[in-house]
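Data block below; observations after.
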Amino acid sequence: MKNEKGFLLLELLVVLALLALLAPPLTGLLFVGGEGLLLAGRRTVAANLAVEGLEVACSRHYCEINSTEETEVDGFTGYVRTVEVREIAATAGTLPLKEVSVTVSWQQGARRQSVQFLTWQAWR
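Counting in the working numbering, the sequence shown runs from -11 upward without gaps.
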């Protein structure tokens, strides 16, 4: 009987030692996974806001497509959208072309994150 009780104590000590060794990496893995999930969600929101910005810009007539300054997106605190328009030099026999770039950025922790979409718009 005495030997069995001592063996149980030894088993408990081994289990506690294994838990002490495995708990910190597993806890860190959970935190990193949660942060990655949060970043993925915010990137999805930013991508949708960038697509919305492209649709608004490209729905205008060619002459009315202009750059905009950084503006915070209504209803989405912390997200800033910028539309940049650049005219591309037309070669002989081609229609004028504009490059429309929409960038949505946000602050996540200490880093500034951003998503950028690009399209071209021709004279219609």
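Glycine is no exception: its CB is placed at the ideal position from the N, C-alpha and C atoms.
The model shown is predicted, which means the values in this text are computed figures rather than measured ones.
Problem set entry | Three-way DSSP call (helix, strand, coil) for residue 82 in this model | coil
For this session: To the nearest angstrom, report how far apart residue 1 and residue 25 are at their CA atoms.
Result: 36 angstroms
Problem set entry | CA-to-CA distance, residue 58 to residue 28, given in whole angstroms | 23 angstroms
Exercise. How many angstroms separate the CA atom of residue -2 from the CA atom of residue 20?
Worked result: 34 angstroms
Exercise. Beta-carbon separation of residue 108 and residue 101 under 7 angstroms?
Worked result: no
Exercise. If you scan the stretch -1 to 85 from start to end, which runs of the beta strand (DSSP E) of 3 or more residues do you find wholly inside it?
Worked result: 56 to 60, 68 to 76
Exercise. If you drop the 5 nearest sequence neighbours on each side, which residues of the same chain put their C-beta closer than 6 angstroms to that of residue 105?
Worked result: 38, 42, 90
Exercise. Could you check where the beta strand (DSSP E) with residue 108 kicks off and where it finishes?
Worked result: 99 to 110
For this session: Could you check if residue 74 is buried or exposed, using at least 16 other CB atoms within 10 Å of its CB as the buried criterion?
Result: exposed
Exercise. In angstroms, rounded to a whole number, what distance separates the CA positions of residue 70 and residue 56?
Worked result: 6 angstroms
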